[in-house]
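Going by UniProt numbering, 181 is the number at position 181 of the sequence shown; the sequence numbering is gapless.
Just so you know, even glycine gets a beta-carbon here, dropped at the ideal spot from N, CA and C.
The structure displayed is predicted, hence computed values, not measured ones.
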Amino acid sequence: MSLEPLTHPQAASILRLPVELTAEIFIHCLPELHQNNPRLSEAPLLLGRICRQWRHVALSTPRLWCFLTVNDVVSFSSQEALLDYAETWLSRTRNCPLFIDISVGSTETPLKPLIAILSAHSAQWLQVNLTIPYTFFHAFAFPAGLPILNRITVEASFMDGEDEKVITVFQGATQLRQAHLSWTNCHESTPIMALPWVQLTSFTGRSLTVKECFMVLTEAAALCCLLSICERHAPRPLHPLVSALEILQLECGPTASPSSLWAALTMSHLRHLRTVCYPCAAFQAFLARSSAHLRDVGLRQSTTSPALLRGCLAAMPAVSSLRLLDIHPPCIVALIAFLRESPATHFPRLTALEVTNIVGHSENFAYGPLVDMLASRRLRPGAGAARLERFTFTWVTSSYDDSDEFAVHAGVLVALAPLIEDGLEVVIGPQDELNILRRSWT
1 MSLEPLTHPQ AASILRLPVE LTAEIFIHCL PELHQNNPRL SEAPLLLGRI CRQWRHVALS
61 TPRLWCFLTV NDVVSFSSQE ALLDYAETWL SRTRNCPLFI DISVGSTETP LKPLIAILSA
121 HSAQWLQVNL TIPYTFFHAF AFPAGLPILN RITVEASFMD GEDEKVITVF QGATQLRQAH
181 LSWTNCHEST PIMALPWVQL TSFTGRSLTV KECFMVLTEA AALCCLLSIC ERHAPRPLHP
241 LVSALEILQL ECGPTASPSS LWAALTMSHL RHLRTVCYPC AAFQAFLARS SAHLRDVGLR
301 QSTTSPALLR GCLAAMPAVS SLRLLDIHPP CIVALIAFLR ESPATHFPRL TALEVTNIVG
361 HSENFAYGPL VDMLASRRLR PGAGAARLER FTFTWVTSSY DDSDEFAVHA GVLVALAPLI
421 EDGLEVVIGP QDELNILRRS WT
């Protein structure tokens, strides 16, 4: 888009467009991502620099200004410039619902005046991302309430010696359905934010304790939940809890022990499960109680025993998509044997299987049983059993000889050729970096 005057003959036609149509076109000119402070070279600011008529349309279209982003305070010449930007921008939104994204990492930044300006427009907040020091959350006050807020993302960092009072400012958001919380540099006693848990349908928490996860599941009856545990295990056994949760992703740090959580939970409506916390008898018992509707499962753990893995597999017979990442060859052998035994009774609905061998010695792996298992699942699954549609087998290596690895691939693919010709989608080969898999794990 040029900043030159609109003197071309076609300009007159453009300027004769109805104001409503011009405004709608302007809205489609907004950046897809609102991760940076506004630029003069992008909409909406650019649109007001073309001609007087376009400037009038831009300033009269509140939806052009409903995205407010502050993620680089240094780019403003002064605090007054920052506050003037926020006030001017928000004044153009009129009563339009707001999408706000504030990211400031230092407590030395004078945020309280900006928070006061934002709070004055709280009745317009629809979705908010706040990445700020914990202490600033207590500066928010919402005299007009938060009547339409439906999603918040909070990333709070803590300073040494900071008074960690519970953040309660979002507790009155009557339309809140999605919340994403992440604590950085938190202490053992850091309290979780107070939210209207009973109405939430989606929650992501990072740096939570097992006890806090259990509290969320207890309070949030309508939740589809993604939880990350990075803290200690529960100090004492948890009371039994029946949850209506349908989606659960549970990750844990090296010091967390979620056995008490698995022992307490029953999720009879669970459909989708991702976890790195499964090598324990309590998890196997949890599956036995909760797998009636479980269809999509991803397990990542390299330390479980083949016997325990087999017990977990037997406890979730209705699964149609299974991902086992970061496991050792003995567990892969146990998986293959389990799947070969009886497709009609062991995972009869299985259509997608992904396995990652973390050790990486592919040339020493016995592919014969693997090919036999795939053939039984694809070509002769038996009465009532689904046909396998997708199979992925990868291994992680830090270094390898390309020619040797290619030879392994060729031999395996020759054995798999009849299955591939029959329509089985196959991905097989090494991965240079484990985080390639972990980034795509969900």
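DSSP places GLY172 outside both helix and strand once states are collapsed to three, so it counts as coil.
Residue environment for ALA334: buried (at least 16 other C-beta atoms within 10 angstroms of its C-beta).
Burial of GLU212 is indicated by the presence of at least 16 other C-beta atoms within 10 angstroms of its C-beta. When the beta-carbon positions are compared, SER119 and PHE142 come within less than 7 Å of each other. By the 16-neighbour rule on beta-carbons within 10 angstroms, GLY205 is buried. LEU241 counts as exposed, since fewer than 16 other C-beta atoms from the protein chains shown sit within 10 angstroms of its C-beta. Around the beta-carbon of GLN175, fewer than 16 other beta-carbon atoms lie within 10 Å, marking it exposed. Three or more beta-carbon pairs separated by less than 8 Å are not found between the region 325-334 and the region 287-297, which leaves the two stretches without contact.
Counting only residues of its own chain and dropping the five nearest sequence neighbours on each side, ARG390 has a CB closer than 6 Å to the CB of ALA352, GLU425. The shortest CA-to-CA distance from GLU87 to any of VAL412, PRO113, LEU370 is the one to PRO113.
Here the alpha carbons of LEU223 and ALA263 stand approximately 20 Å from one another. Annotated three-state conformation of VAL104 is coil, per DSSP. If you draw a straight line from the Cα of LEU273 to the Cα of ILE247, it comes to about 6 Å.
The criterion of a C-beta distance shorter than 7 Å is satisfied by SER202 and GLN178. Between the alpha carbons of ILE115 and ALA318 lies a gap of roughly 50 Å.
Rounded to the nearest angstrom, the gap between the Cα atoms of VAL355 and LEU250 is 19 Å.
The three-state reading of DSSP puts CYS252 in strand, counting E and B together. If you draw a straight line from the Cα of GLY145 to the Cα of GLY172, it is about 7 Å long. Judged by beta-carbon spacing, ILE100 lies within the 7 Å limit of LEU68, meaning their Cβ atoms are closer than that value.
For ARG94, same chain residues with a beta-carbon under 7 Å away, outside a window of 5 residues either side, are PRO62 in chain order.
When the beta-carbon positions are compared, VAL210 and LEU181 stay at least 7 Å from each other.
As computed with DSSP, ARG323 is found in a beta bridge with GLY298, GLU354.
By a beta-carbon distance limit of 8 Å, ARG16 does not contact LEU59. Their separation comes to about 20 Å. For ALA292, same chain residues with a beta-carbon under 8 Å away, outside a window of 5 residues either side, are SER268, ALA318 in chain order. In this chain, the alpha helix (DSSP H) harbouring ARG52 covers 52-59.
One thing to note: PRO418 has its Cβ no nearer than 7 Å to the Cβ of ARG377. Of the candidates ALA288, CYS225, SER260, the residue whose Cα lies closest to the Cα of ALA244 is CYS225. ALA315 and HIS121 have their C-alpha atoms roughly 52 Å apart. Per DSSP, the continuous alpha helix (DSSP H) segment holding VAL216 begins and ends at 210-219. Around the beta carbon of ILE420, fewer than 16 other beta carbons lie within 10 angstroms, which makes this residue exposed.
In the same chain as THR131, and ignoring 5 residues on each side of it, the C-beta atoms closer than 6 Å to its own belong to SER103, GLU155, in chain order.
Residue PHE214 holds the alpha-carbon nearest to the alpha-carbon of LEU265 among GLU219, ARG271, PHE214. Boundaries of the beta strand (DSSP E) around THR275: 272-275.
Residue environment: VAL73 is assigned as buried (16 or more neighbouring CB atoms within 10 Å of its CB, all protein chains considered). Secondary structure of GLY205 (DSSP, three-state): strand.
Ranked by Cα distance from LEU111, the first of PRO133, ALA123, TRP125, PRO97 is PRO133.
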